[in-house]
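In the numbering used here, the protein residues as written are 166 to 604.
For reference, the structure discussed in these notes is given below.
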């Protein structure tokens, strides 16, 4: 067969379309997953957020153990145009404080955990459709109430209408638990709080990748319904509806100015909860392209949280968000993440105002040996109460690539919380051996 000459302009157009869809996929995937995804092992602290959710292409997964940058999944072609991808992470270790309880009452236990993921994908021209399943199963031999199973089913679609216009949309359904100790209301429970969630979201983008200006608009809806422990969980049933818009303007070749508007209405279905509120944010910031040495966004502005009831005090104050990766060398990078916002209570406290900051260092010592060090702090003030929490977390992780598709890692995390209310103090040490594979 003779070779076919492809016009360079067509290639460039296709490349631009892929860039648009990659960015849209990262944005919408985060929203759909976040709406329903839970974790069987409660985070040692929210002081170090999952950078994989805010930095597209991050080589570190949510547990903190680095994944090799070169490891990639191999598609299983089950039919013409239909590919299936699968991976699994298995870990075992010891948790010195499963429920993050106070001194003298810490339940320690070994644990065994497996997290499988299966995704089916089909493409038509520039459009892409995926249907995925994600599971998270953990067993604590010495603390069975937190031996839990989390399940998510996620559908995502991306449609390219032209080199300027594209849309990403999706839906998810999840069956989850709040592990005992992961929320204020679960402290002292005999069983974990069980809930089911649903979410839909869509993001429309107009503007070519190389254009000076670009606009994004999005909308979404989510629902959360608890299934047990109704004496304490009924007030946490909630629906949320959100809309947002962003304008990007290129001020330098790799730098854009962002103006963003976000509004979310939280409708708590139990009228006695007095938590229903309208959360509005106005933000200005900067965004750096993934091809630059600095990647990510920094935004700051104003947050306004207006409660439906006059019994609760409304909030008006500053808010900011940062998720930045600096990569001075091809084999070494630093992640800086943080933020400030007023959130909805997860128990019977006042409205929490949280400020977080974390720094992580990712380094490839060899093509097959990777490490991560991280440290973070979370300060939470509860309005109209005397409670103030300071949380700290430090972690170290090492990953060795046995094969392109197989890695073995070690991780150690130390965390503690100091609170003005002694009940919420805790110290926790978590060590684990992890094996991860892509198929």
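Ideal Cβ positions, reconstructed from N, Cα and C, are used throughout, including at glycine.
Here the alpha carbons of residue 307 and residue 368 stand approximately 45 Å from one another. DSSP, reduced to helix, strand and coil, places residue 311 within a helical segment of the structure shown. Along the segment 505–575, the beta strand (DSSP E) occurs as fully enclosed runs of 3 or more residues at 517–531, 534–547 and 553–568, listed in sequence order.
Using a Cβ-Cβ distance cut-off of 8 Å, the segment 337–350 and the segment 309–328 are in contact, since at least three pairs of beta carbons, one from each stretch, lie closer than that value.
One alpha carbon belongs to residue 539, the other to residue 244, and they sit about 43 Å apart. A straight line joining the alpha-carbon of residue 311 with that of residue 404 spans about 26 Å.
Nearest to residue 532 by alpha-carbon distance, out of 565, 475, 591 and 418, is 565. With contacts defined by Cβ atoms closer than 8 Å, residue 331 and residue 283 do not form a contacting pair. Judged by beta-carbon spacing, residue 421 lies within the 8 Å limit of residue 451, meaning their Cβ atoms are closer than that value. In this structure the segment 457–475 lies against the segment 497–516, because at least three pairs of beta carbons, one per stretch, are closer than 8 Å.
Just so you know, the alpha carbons of residue 542 and residue 559 end up roughly 9 Å apart. Burial state of residue 389 is buried, judged by a 10 Å Cβ sphere holding 16 or more other Cβ atoms. The beta strand (DSSP E) runs lying completely inside the segment 406–465 and spanning 3 residues or more are 420–433 and 442–453, given in chain order. Around the CB of residue 400, 16 or more other CB atoms lie within 10 Å, so the residue is classed as buried. Sixteen is the threshold: when 16 or more other Cβ atoms of the shown chains lie within 10 Å of the Cβ of residue 391, as they do, the residue is buried. Note on the segment 235–310: whole beta strand (DSSP E) runs with a minimum of 3 residues are 241–244, 247–260, 274–289 and 292–304, in chain order. Ranked by Cα distance from residue 478, the options 326, 372 and 517 are led by 517. In terms of CA proximity to residue 578, 261 leads the group 349, 261, 246 and 381. Note: residue 384 is bridge-paired with 367 and 408 in the DSSP secondary-structure output. Taken atom to atom, the span from the alpha-carbon of residue 377 to that of residue 458 is near 20 Å.
By the Cβ neighbour-count rule, residue 417 is exposed, with fewer than 16 other Cβ atoms within 10 Å of its own. Between the C-alpha atoms of residue 549 and residue 395 there is a straight-line separation of about 26 Å. As DSSP reads the structure, residue 471 sits in a beta bridge with 443. 292 is the residue among 410, 292, 510 and 574 whose C-alpha sits nearest the C-alpha of residue 326.
Membership of residue 487 in the beta strand (DSSP E) is indicated by the continuous run 480–494.
Excluding residues up to 5 positions away in sequence, 404 and 441 lie with their Cβ nearer than 6 Å to the Cβ of residue 432 in the same chain. For the pair residue 242 and residue 594, the Cα-to-Cα distance works out to about 43 Å. Between residue 305 and residue 289, the alpha-carbon positions lie close to 45 Å from each other. Taking 8 Å as the cut-off, the Cβ atoms of residue 393 and residue 429 do not count as close. Taking a 10 Å sphere around the C-beta of residue 299, we find 16 or more other C-beta atoms and assign the residue as buried. Judged by DSSP secondary structure, residue 330 falls within the beta strand (DSSP E) whose first and last residues are 330–343.
The residue from 349, 240 and 280 with its alpha-carbon nearest to that of residue 586 is 349. Counting the other CB atoms within 10 Å of its CB gives residue 480 a total of 16 or more, which places it among the buried residues.
Beta-carbon to beta-carbon, residue 584 and residue 552 are separated by about 7 Å, close enough to satisfy the 8 Å threshold. According to the DSSP assignment, residue 401 belongs to no beta strand (DSSP E), since it is labelled neither H nor E. Pairing residue 287 with residue 598 gives a Cβ-Cβ distance that is not under 8 Å.
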